[in-house]
Structures are given as structure tokens and as C-alpha cells.
Amino acid sequence: MRTHARAVVVGGGVVGVSSLYHLAKKGWSDVVLIERKELTSGSTWHAAGLLPLFNLSYSVGQIHKYSVALYKTLEAETGQNVGFAVCSNIRLARTKDRWDEFMYYRGVAETIGVTVNTLTSAELKEIWPLCNVDGVIGAIQHPDDGYIQPADLTQAFAIGARKLGAEINRNTSVTAIERTASGEWLVKTDKGDITCEHVVSATGNFARKTGAMVGLDVPVIPVQHQYIVTEDHPEIVKRREQGLPELGVLREADSSWYMRAEKGGLLLGPYEKGAPCCYVDGPSDQSEYELFQEDLDRLMPHVEAAIARVPAFGEVGIKKIYNGAIAYTPDGSPIVGPAWGLKNFWLNEGHSFGVTAAGGAGWQLAEWIVEGEPSLDMMGVDPRRFGPYATRGYLKTKNEEAYANVFTPHYPDEERVAARPLKTTPCYGRMQALGAVFGSVYGWERPGWFAPQDVSLTDADLAKPEVLMNHNHAPATDDGRIVEKWSFRRSNYFRHVGNECLNVRDNVGLQDMSAFAKCWISGTGAEAWLDRLLANRIPKKVGRIALCHLLSKNGGVRAEFTVYKAREGGFYLVSAGAFERHDHDYLRKALPTDGSVNFNPITTQWGVLVLAGPRSRDVLRKLTDADLSNGAFPWLTGREINVGVATAHAVRVNFVGELGWEFHHPIEQQNAIFDALMAAGAEFGIKPYGIKAMSSLSIEKSYRLIPRELSIEYSAYESGLDRFVHPNKGDFIGRDALVAGRAKGLNWQFATMEVMGVTDAGSDARGSEPIHKGGKLVGRATNGGYGWRCGKSLALAMVRPELAAVGTELEITILGESKRCVIIPESPWDPENARLRG
Ligand SMILES: Cc1cc2nc3c(=O)[nH]c(=O)nc-3n(C[C@H](O)[C@H](O)[C@H](O)COP(=O)(O)OP(=O)(O)OC[C@H]3O[C@@H](n4cnc5c(N)ncnc54)[C@H](O)[C@@H]3O)c2cc1C
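Sequential numbering of the sequence shown, starting at 570, is according to the numbering used here.
As C-alpha cells, this is what we get:
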């Protein structure tokens, strides 16, 4: 065994071996893999081997696409047959909502280059003659995917990696991982130690145990997953004998199962409610090829549904039930990328579709390690999308929920209920009393919208589908009302959100944005350090505010901060609540080692209340002795003031494009400020508003968001951030690539569009819809919604630069329907910012 290596991969499942292979492919031959038992002896050996391309996440969709393409080439490269049956994947829809989901997905798939066909029930019957098509309203089919032999795939990666010089050590356990004095890693094993620059943790169900070796609380706990293999069925055997095409993998999402032919029999894999977490403290050291006791009772509702759909399944006996551990995270997507707080420690963990994801995840991780950047937007799988709240109790609850919801429709407005409320701000109860319907971000409860007292949906309104996975509305409020139906279309809350928007336009609104990530940067070197880090000019005068972006070395946007110079040498940085760990990790890792800059995170110590609307000055004037006139307190400035008896840094910015202030305050004073604002605002028509209203209002201002139109995949110029980027100010991260990219010519341009012909029964764009010109794909929507102040259905988009001129007519496909859209000037509401400056 080598004693020194560039990188050590821990774990010899399909994900670890793919990581090794891709590092070697990138030219790092000096790489070593350590596996405690045999390759594939963790989860990989008992996987059903399905390769579903279907995924609504932009990051995961691209990862899966790469894998499926790669797996078709591996045999030619390595000589190892991987058993890839390209038999296609078919998903049935029984409800209108499911069809909407499929049509939304078809748009996502087109934007990332994945082929999806639609099938009528007659066409389905033709290619899957054993399927009873009663009640099926249609199906989608991926012609390019199918299933694979996971162990053979892993061996192919191993052969490929070894050929490129990588070393694989089996029956060797990593027992500890330590940092050396020189900053390298010392990986200790029971067969000797290896010193290396980078460590990749790809340890499947052991993820938390491996993480604990370096002090990480890795948000992965496995769940039990079962599948059933039947005895041979004469019809399947006959098909094989006749040389007929293999049956595609069939999925009835509304009954939560998948089925495929397995030799002469059938294989059925349900995703049941109530499947328990397992290996909560990690598997035992002896665990290897381990299966659990099967639980047929839990499977029965799905088995019955499967028999109704494919009667042949009930006509033969069960040969074997596999019940194995499948790694899960709270949102069901894997964690691929850098570990927080540790340099050169990488995670490729939490894979629940790890056979499918292994190729793409290994590829992107290797790019990240070797080149310092992945080429895809990986925010959807970044390990830092979870925070320190995602620990044992939360994970157990949330991961079981993620498993049970694999097949429920992934409504864009769905707010899953498990492990909530977890993080609440002091005004939570007050907002609840005002009718708040909460959503959750990064563990925080945030008002989504406010339901008036008379809102209560009936069973008829909810139109609950007659399917096993019946799931289309938010839980009841304390007084027993259901107030929110989830939908891919404009839903019951549409007009109520509109009323909140109009009140912000006409009067004044109050919003709780305490979830914002917040920190102080101070010290003698603070200003110079921020200046080298961020693309905009750092505010020079005390009280000034600037919107600043942290770019990738390729000039894409990694993070966005509002930077407020609150005092000499003291900067207050605010960024999106969902990205606290991500954004703060980049700041922390970039800190100089000479102690000249201090980083002090204060997210949980400070709350944020936003007062916005033309009457906000009238409200605030009643509560403070600070001079609020435009001359004394202009837009984009801040200062510490009293709000009633409480203290806050009032900053004149907001995300809704109206006159207003954000109050950043000691969290224990929140309710004093809240009550004072509500009381003072009563005569001016103050009302609370939620995230849904904020989203609509911000789209009318063409405000960009990570990871939508701001991403590492688009340069800051492509995202239209010209006024926030100053290449002449001196060097900063990404500057050279940005300048070179512009000289070469941009591939994309940010655009604001009006979408024509959207009715209340339809849907506004949401993001990820394909945009066409004359039938050719020319862009993708990144956000969208109805703009209540403009009275227009709007979309934000990235389109080819030659089609970005105002007035250009394009087509956008929303839920399978093509709509005319027109590029309009940026910021359709108040383009001069007169209201913000008012
Ligand atoms: C019943 C079932 C069916 C499934 N079906 C599918 C499917 O159809 N399609 C799909 O894509 N996915 C499927 N999966 C999921 C899939 O099996 C996993 O996502 C995938 O195998 C994960 O691979 P991995 O490499 O991350 O983990 P593993 O295969 O578990 O590998 C991790 C390895 O790390 C090693 N290790 C851990 N700690 C150490 C240490 N300290 N030192 C050295 N080595 C260590 C372990 O021994 C293990 O071999 C299924 C899972 C189950 C349970």
C-alpha cells in the first residue's frame, strides 16, 4: 500500500470507485481507494440497478444524464460488461396533477438535453402487454435508460481506474483521519497510514461514522428499502424465448412502486410509508452484504396495487425479498462537494440512487477537486445546503419522510411537514395569529402567505385523487381548516398573495426575514480582504450599502452579499438564509491566516423585519427620532436607530422594489419592534406579507437569485450584473475569466419576458421551462410568476444573446403548452427605482 497519495477515497461502493476513476481520468494517477471489505459489499451489491433519468432537480438531472451516457461506453473502455439493459423507463400517470408534474419535468429534461417521449395508454399497452391500462391517462418514457448490474459497473470503474494508475486496497479499514502539522491529511488504516492532500468520503451507510472521524455531523441516515423478486412467469419466459424486446422499467408513481423483468420473473420495488431509518449509529464493523428482516405487511398495499396494474405479478410466487439499507438525506438528494469547515475534505455521500448518480457525481467531484470548480451548478447537491440543525433527531424524521415521498408529486409549492416547526423566530406566534401559512427554509419557519379567516378548502376544492399516495395539500391549521392546496398551477392562494402584493404597493407591509444569513467582518484587513474577494466596490463611507458578488474562478456567481459598512473597519454581510453554511464556509476558508480579519456569524442572534411600501416612512416616523428624510437617510444607506424602545440597524434596501427599511435587530427585541410597527402602521393599512408575495414583487424588479439566473454556470456578465462588477477596481476572484469571457463573446444573456395567454386555470412560468424560437431551443426560464403591480405574467430567463433584444418574440413551454412571450425591458415595475428612492 502506498504511504503517500494525492487523494485517498474511502469506500469501495459504486460511488467511491467512480470517484477514484474520475480522479484518475482527470490525470491524477497518484490516487488510492480503501475498502474495508470487498468492493460493493455495502449497499451497492443489492441495488436493483435501475437508472432513472427522471429527476426534477437541475443538478441531479445533469448528474444522471452523464452517468447513463458514460455507462454505455464503459465496456468498450475497460472490457468489463456492465449488464446495461437499455430497455427504457416508463412512468404512468393516473391523475391530472401527476400529468402536470410530468409535463413540468419534460420541460426540465429538454433544457438539460434528456429525451422524454409521451405515450397514450394504448401505446403503453402495446409495449407493456402485461400492463392493465385502466385509469391510466398517459405515460412518459425515457428511451435511453434502463437498468444495469451494479457490481459489474463497479468492477468496470475499478478496472478503468487501475489502468490509469490508481491503487485499490480491499479488506483494509480506515480507522482515523487526522490533520498533519503541515496541513495534509493522515489517513490511518489497519494496514498502515497514508499521507495525502485530499480525502473523499464515499462510505455509504457509514457516512456519519466517517464524518465523526473529522468532527463532521454528516446529514445522512439510511432507511430500509425492500424489493421483491418473483419466480419465473410463463409470459416473461416466453417473451425471452421469442427474443421480444425486454419490458421497460415500469413505474406507477401514484401507487409508489417500480417493476421490471428480472430474468424470467418480475422485480417489484415499493417506496412505502413507515419504512424505518436504520444504522442510526452506523453499521457494525462486521456488517457486509447485510440484509434486514423483510416486512411484507408494509409492502402489501403496494403489492396489491401492483397486482391490479400487472396481474401477472400476482400469478407467481415470491422467490426472494431484499431489504437493504439505502442512504438518505432530508431532501432525498445526495451530498456531493466540499465538507464545511475543512479544507480538502470531500463528501460523496447520501446516495439513494447511487448506482444512477455514481458516474456524474464522481465526474463533478473530480472536477471540483482537480480544477477547483465543478462545471455544473451543484447547489442542489452541495453538502452545505443543510446546516447544524440537521442532526440525529431531525435526520431520522426527515429522512423517513424523504423516502416515503419518493413517488408523491413534487409540487413546487409543497412544504413537507416532518420535523417542523424546528427553528422559529420570536414573532412566529404573532404571524401565526395573523393567518400565516408557513414554509420552511434551512430549518426556519417563514410565512409563505396569510390566509384570511374565511379560507377553508372543502374536499371538492381539494379534489383529492383516488390513488395510494394521496397528498395534495398542506396540513390543517390549529382550528382544523385546510387552507392551501398544492399545485403546479395557480392555486387557491393566488389572489390572497395578490392582495398582499397590492397592499405593499399601495400602503405598507411587514415581513419576517430573520432567516437571512448574517455575519460581521471586522479587523484592520477587512476592507482590503473583502475588496479582493468580491466583484463590486466595497462601500467606503460608514453607512453605505452595496450588493456584492463572490464569483467562481471562472467568473460565475457563487454567492451574493449585501455589504453594509456599519462602522469603521466593521462590515455587516447579509446573504440568503438557505445558503448560510455554504456562503459562510467560503468566507471562512478564504480568511487570511494573519489574524487581520475577523469573521463573526450572528444569524441566530439577529432578527430581520422588513417594512415596505409607500407609507413605511409615515409608520417609522412615529417610532423613531432619527431623521428619515431622503437627504439624511437615502436609499442604500443604513444606520443604528431606535424603533420605539428597541434598537435596530435600519437599512434602506429591500427585495420588493418599494420605499422601505429592513430592521436588523437583537433577536430578543423582535417582538417589541414587531408590535410597535403593527400598532403605528394600523392607520396606514399595514398588513403582513409572506415569501410568495416577495417573490412576485421581486420578479417585477427583475431581481436575480442564486441558483436561478445567478449560478456558476453563467458568468456574471451573462447574468446581467454589469453594474455590480468592476474589473478596473483591481484584482478579485474571477476577474480575469470574466474579462476574457466577455472579450470572447457571451453564450447567454439574462432577459425579462412577458408571457402571453396565461389564465387562472393555467400556470405562470416557475423556472426551468424551455424557451424556443421557431421550434429550436434557445434558452430556459429561471424564475417566473404573476406580477400584480404590472398586471402581467412574467418570466426571467437566460436566452441566446442574439435573441435578448427588447421586443423579440419567443415561445415558452409551460406544462406542455407553448405560449408566446416577448422580451421586455428589465424591471417592468418602476424601472427608474423612483419608489425605492422616494
Ligand atoms: C434494496 C435496494 C435497492 C436499490 N436499488 C437501486 C437502484 O435500482 N438504482 C440506484 O441507482 N440505486 C439503488 N439503490 C441505492 C444504491 O444501492 C446506493 O445508492 C449505492 O449503492 C450507494 O453506493 P455507495 O458507494 O455510496 O455506498 P456503498 O455501496 O454502501 O459503499 C460504501 C463502502 O464504504 C465502505 N466503507 C465504509 N466505511 C469504511 C471505512 N472506514 N474504511 C474503508 N471502507 C469503508 C463500505 O464497506 C462500503 O463498501 C438501492 C438500494 C437498496 C438498499
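In this text, a Cβ means the ideal position worked out from N, Cα and C, and glycines have one as well.
DSSP has residue i in a bridge; who is on the other side?
i, result
"Leu1103", "Leu1119"
"Asp759", "Gly761"
"Thr1131", "Leu1116 and Val1143"
"His1065", "Per DSSP, none; premise fails for His1065."
"Cys846", "Val792"
"Leu1079", "Leu1180 and Pro1257"
"Trp1018", "Val1006"
"Thr573", "Correcting the residue identity first, residue 573 is His in this sequence and not Thr. Beta-bridge pairing links His573 to Thr764."
"Ile737", "Leu602"
"Ala830", "Leu835"
"His1341", "Leu1346 and Glu1380"
"Leu819", "Ile659 and Met828"
"Asn1169", "Trp1089"
DSSP on residue i, reduced to helix/strand/coil?
i, result
"Ser824", "helix"
"Ser1387", "strand"
"Cys656", "coil"
"Cys1070", "helix"
"Pro952", "helix"
"Thr1216", "strand"
"Val637", "helix"
"His1270", "Sequence inspection shows Lys at residue 1270; the His mentioned does not correspond to that position. Note: Lys1270 maps to coil in three-state DSSP."
"Thr744", "strand"
"Ser1091", "strand"
"Lys889", "strand"
"Gly1125", "strand"
"Val578", "strand"
"Val1024", "coil"
"Met1325", "coil"
"His720", "Checking the sequence shown, residue 720 turns out to be Ala, not His. Three-state DSSP puts Ala720 in a helix."
"Ser527", "The first residue shown for the chain is 570 and the last is 1407, placing residue 527 beyond what the model contains."
"Arg1349", "strand"
"Ser770", "strand"
"Ile1236", "helix"
"Met947", "coil"
"Met1263", "helix"
"Lys1054", "strand"
"Ala1195", "coil"
"Glu646", "helix"
"Gly1049", "coil"
"Gly962", "helix"
"Lys1033", "coil"
"Ala1366", "strand"
"Phe1243", "helix"
"Pro1276", "coil"
"Gly1354", "strand"
"Phe1319", "strand"
On the premise that residue j lies in contact with residue i, defined as a C-beta separation below 8 Å, what is that separation, rounded to the nearest angstrom?
i, j, result
"Ala1350", "Ala1364", "5 Å"
"Gly734", "Ala654", "About 32 Å; that fails the 8 Å criterion."
"Gln1239", "Cys996", "6 Å"
"Val1066", "Cys765", "Not quite, the Cβ-Cβ distance comes to about 52 Å (not below 8 Å), so this is no contact."
"Pro899", "Ala926", "So it is not a contact: roughly 17 Å between Cβ atoms."
"Ser1265", "Gly1356", "6 Å"
"Ser1091", "Val1052", "With a Cβ gap of about 45 Å, Ser1091 and Val1052 do not count as contacting."
"Val705", "Leu693", "6 Å"
"Val789", "Ala776", "4 Å"
"Arg1059", "Asp1333", "7 Å"
"Gln1012", "Lys992", "According to the sequence shown, residue 1012 is Gly rather than Gln. That pair is a contact at about 4 Å."
"Lys888", "Val798", "5 Å"
Counting C-beta neighbours from all protein chains within 10 Å, is the total for residue i 16 or more, i.e. buried, or is it exposed?
i, result
"Arg829", "buried"
"Leu688", "buried"
"Pro839", "buried"
"Asp946", "buried"
"Ser751", "exposed"
"Asp951", "buried"
"Leu813", "exposed"
Ligand 2 and residue i: does the residue's C-beta get closer than 7 Å to at least one heavy atom of that ligand?
i, result
"Glu604", "The model on display carries ligand 1 but not ligand 2."
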